[in-house]
Amino acid sequence: MLVASGIGVAGGALLASREARAEERSHVSQRHQPPARPGRDYQPVVVPNGSKLPWKVVDGVKVFHLVAEEVEHEFAPGLKALCWGYNGRVHGPLIEAVEGDRVRFYVTNRLPAPTTVHWHGLLLPSGMDGVGGLNQRAINPGETFKYEFTLRQSGTLMYHSHHDEMTQIALGMTGLFIVHPRQPRGPRVDRDFALMLHEWKLEPGARRPDPNAMNDFNLLTLNGKAFPGTAPLVVKTGQRVRIRLGNLSPMDHHPIHLHGYQFRITETDGGVIPESARQPETTVLVPVGSTRTVEFVADEPGDWAMHCHMTHHVMNQMGHGMANLIGVKPGNFDEKVRQLLPNYMTMGQAGMGDMEEMGMPVPANSIPMVGGHGRYGGITMGGMFTVLKVRDRLDSYADPGWYENPAGTQALTAAEADLMRDGIDVHGNPGATDGNA
Ligand SMILES: [Cu+2]
């Protein structure tokens with residue numbers, strides 16, 4: 001009897017606490033704060049090559065309108081394709097709001113297929129989570145759905161289609177969703193950049209990316225652009241810089257490496273990393289379906305490369321099923337082939353580095369497989385590559401051009417006098433010492 005009543009009491013308490021939690025949840029979703037304003041309540045992020053989703057306030061709610069549609073997108077000068085995105089952009093415009101804001105999204109589907117929008121990493125009611133068939137009926141072509149929730153967290157989050165994910169994400173239907181904290185946290189950041197990573201398969205000359213690709217991606221992008229189409233990140237010396245990286249590539253994680261600095265990884269899409277757990281890094285791995293945020297003080301002026309460290313991810317439209325020609329001596333092979341193909345040239349015997357310089361003609365609507373031009377010649381990286389430009393003096397954040405290295409701070413051809421002084425015989429063999437000694 002005693003035992004049974006004990007269970008009864010415990011059961012009642014459990015029920016009461018469950019009800020309290022449910023009430024708390026609904027209370028939280030009701031108890032939104034006045035809509036925060038850019039400049040006054042938060043410092044807006046910078047989206048290189050990108051755009052932001054406009055909004056208006058209606059009765060204390062921030063109202064947005066996303067239109068899912070086909071978009072002609074330029075990946076780099078000379079390379080366009082028909083992709084799927086939002087509001088005429090690939091990827092979709094960045095959404096920017098503040099913790100405590102009540103937000104309402106109208107989503108109009110102008111695609112030829114049903115779609116949904118999933119709010120990746122956001123804490124919200126299950127029915128707003130956007131998984132087609134699970135949380136809602138998919139939005140048919142021509143329909144407009146409404147999503148509404150209160151932002152209960154801050155951070156670097158994302159949005160993407162969650163219906164026929166393989167096709168729709170591969171064609172570009174992703175975007176960043178930045179939620180600023182209501183109360184500023186940590187040291188003030190001067191430049192706050194947001195970049196979305198992606199990978200595509202687009203055959204030279206093709207009009208549409210191939211969503212069936214699983215391994216052979218040939219176009220790697222930052223905010224939808226492949227170098228040399230990527231805009232630089234421009235910063236003044238001494239500024240505190242934040243870079244937010246999101247990855248909704250179909251298949252690959254991207255180790256993003258920044259030259260010239262050590263940074264700390266401060267946040268994931270799961271929240272803020274405690275200060276004691278922030279390791280110094282020069283490369284941050286951004287897994288598929290995640291965001292990573294890094295911070296550092298830009299105290300060293302210059303042009304600093306920032307790129308994915310997977311070497312195939314800093315190439316442009318390159319087929320990977322080619323013969324290994326390293327070290328091959330073609331002899332008079334070229335001459336013989338030219339009788340049939342007048343422009344034939346065997347390439348690749350010493351690698352790919354010369355290919356950008358050669359100015360080989362490329363098929364219409366394609367870009368050369370390697371990089372662009374820098375201040376000192378060809379840059380043998382393309383794809384997921386950009387430049388952090390740090391300058392002592394800036395009139396604006398427009399591209400300041402290439403950095404002029406101060407005299408004595410740049411690698412140059414070794415002078416004869418230096419070689420003499422240091423006893424370097426360029427024809428000698430300096431060898432190597434025993435690694436165990
Ligand atoms: Cu990569």
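All residue numbers for the sequence shown refer to the working numbering, where the first residue is 1 and numbers rise by one.
Backbone N, C-alpha and C fix where the C-beta goes; we use that ideal spot for every residue, glycine too.
C-alpha distance - residue i paired with residue j, whole-angstrom precision
i, j, result
"aspartate 129", "glutamine 136", "8 Å"
"valine 3", "arginine 31", "Residue placement at valine 3 is poorly supported in this model, since its pLDDT is 43, which falls under 50; the coordinates are not used for a value here."
"glutamine 33", "valine 272", "22 Å"
"arginine 83", "glutamate 74", "Per the sequence presented here, residue 83 reads as cysteine, with arginine not at that position. So the two alpha carbons sit approximately 10 Å from each other."
"valine 426", "glutamate 416", "10 Å"
"glycine 6", "glycine 270", "Its pLDDT being 44, under 50, glycine 6 is placed unreliably in this model, and the value from its coordinates should be taken loosely. Using only the alpha carbons, I get a separation of about 39 Å."
"proline 77", "glycine 60", "42 Å"
"alanine 206", "tyrosine 86", "22 Å"
"methionine 384", "glycine 229", "10 Å"
"tryptophan 200", "alanine 432", "44 Å"
"glycine 423", "threonine 237", "39 Å"
"arginine 240", "asparagine 215", "37 Å"
"proline 114", "valine 131", "12 Å"
"asparagine 343", "isoleucine 379", "25 Å"
Assigned secondary structure, residue i (DSSP; H/G/I helix, E/B strand, else coil)
i, result
"alanine 97", "strand"
"glycine 50", "coil"
"serine 126", "helix"
"glutamate 267", "strand"
"leucine 202", "coil"
"histidine 27", "Any answer about histidine 27 is weak, because its pLDDT of 41 lies below 50 and its placement is not dependable; what the coordinates show is given next. Helix at histidine 27."
"valine 234", "strand"
"isoleucine 424", "coil"
"alanine 194", "strand"
"valine 314", "helix"
Residue range of the unbroken alpha helix (DSSP H) whose run includes residue i
i, result
"isoleucine 169", "165-170"
"leucine 394", "Leucine 394 -> no alpha helix (DSSP H), and no H or E assigned at all."
"phenylalanine 217", "Looking at the DSSP string, phenylalanine 217 is not in any alpha helix (DSSP H), and its letter there is neither H nor E."
"leucine 419", "416-421"
"arginine 338", "333-338"
Anticipated Cβ contact below 8 Å, residue i with residue j, distance rounded
i, j, result
"serine 161", "threonine 116", "6 Å"
"glutamine 349", "glycine 327", "7 Å"
"aspartate 334", "methionine 322", "Going by Cβ atoms, the distance from aspartate 334 to methionine 322 rounds to 17 Å, so no, they are not a contact pair."
"phenylalanine 193", "arginine 242", "7 Å"
Residue interval of the beta strand (DSSP E) (run including residue i)
i, result
"lysine 56", "56-58"
"aspartate 303", "302-308"
"alanine 68", "61-76"
"serine 290", "290-297"
"histidine 118", "118-120"
"isoleucine 139", "From DSSP, isoleucine 139 is part of no beta strand (DSSP E); its letter is neither H nor E."
"glycine 382", "Where glycine 382 is concerned, there is no enclosing beta strand (DSSP E), given that its DSSP letter is neither H nor E."
"leucine 285", "283-286"
"proline 209", "From DSSP, proline 209 is part of no beta strand (DSSP E); its letter is neither H nor E."
### Query
For ligand 1, which residues count as neighbours when the test is a C-beta closer than 5 Å to any heavy atom?
His254, Cys308, Met310, His313
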